[in-house]
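Enquirer:
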Amino acid sequence: MAEALHKLAGWIHHGSTAGPLYLIVGLGNPGKEYAGNRHNVGFQCIDRLARVHGLEFRRQRFRAVLAEGQIGGRRVLLAKPLTFMNESGKAVGPLSRWYKIPPERILVIHDDLDLPLGKIRLRPDGSSGGHKGINSLIAELGTRDFARLRIGIGRPEHGDPVDYVLSDFGRDQEPAIAAAYEMAERAILAFLQEGIERAMSQYNNNGGR
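Count along the sequence shown from 1, add 9, and you get the number used in my numbering.
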């Protein structure tokens, strides 16, 4: 009886994971010293996404830490590159090739200085906008045709933008960024279930530009 139940559980598991695999990537820098940085919103957002949907980052492959499972009925591979931000493509390129995931099933989450704090914006493709992590992905994937979810961190009024992105959010900024992660989770769900165009129509009117 126990063996039969085990086989049934296995059948249910394999049946539930049928369908194409999506790659969701959060960009950031590895290491505790960077964990709370503005530049690490991709890591922070994908950590929350995994937690909400009961997924765990359990293993490493191709210089990335990975979580696998389902979100919204879709098979997903969540990835956090361990290459440091500017070489993120060296993890994502091999992952996409090994798992045979085409660009149209890739979504990359990253910070954006040119969006107001806490605003999000989806885009289906395009240039890097000067973001070095996205530059690396374009080079390694050989295409600009992959979706992005930009999370606004705002631009500093004074000082070096590099110092700004590599510093932590102020306590007064935390509610705005937490709300952005909640909205990002819903936008990712829409991307998975309805596609990038429908997701954009629903979530790009949140005050982003």
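Note that the Cβ used here is the ideal one computed from N, Cα and C, for glycine as well.
(1) Whose C-beta lies closer than 7 Å to the C-beta of Thr92 among residues of the same chain, with five residues either side of it excluded?
(2) Can you tell which of Pro125, Pro165 and Gly142 has its C-alpha closest to the C-alpha of Asn213?
(3) What residue does the beta strand (DSSP E) around Glu77 start on, and which one ends it?
(4) Take Ile129 as the anchor and find which of Leu158, Leu30, Arg70 and Ile110 has the nearest alpha-carbon.
(5) Taking the Cβ atom as the reference point for each residue, do Arg57 and Ser176 lie within a distance shorter than 8 Å?
(6) For Val34, count neighbouring Cβ atoms within 10 angstroms of its own Cβ and tell me buried if that reaches 16, exposed if not.
(7) To which residues does DSSP link Leu32 through a beta bridge?
(8) Taking only runs of the alpha helix (DSSP H) that begin and end inside the region 110-183, which ones reach a length of at least 4 residues, in chain order?
(9) Which of the three DSSP states, helix, strand or coil, is assigned to Arg70?
Expert: In short:
(1) Arg72, Lys99 and Ala100
(2) Ranking the options by Cα distance to Asn213, first place goes to Pro125.
(3) Looking at the DSSP string, the run of the beta strand (DSSP E) that includes Glu77 is Ala73 to Ile80.
(4) Leu158
(5) no
(6) buried
(7) Leu86 and Ile115
(8) Runs of the alpha helix (DSSP H) spanning 4 or more residues and lying entirely within the region 110-183 occur at 141-150 and 170-174, in chain order.
(9) strand
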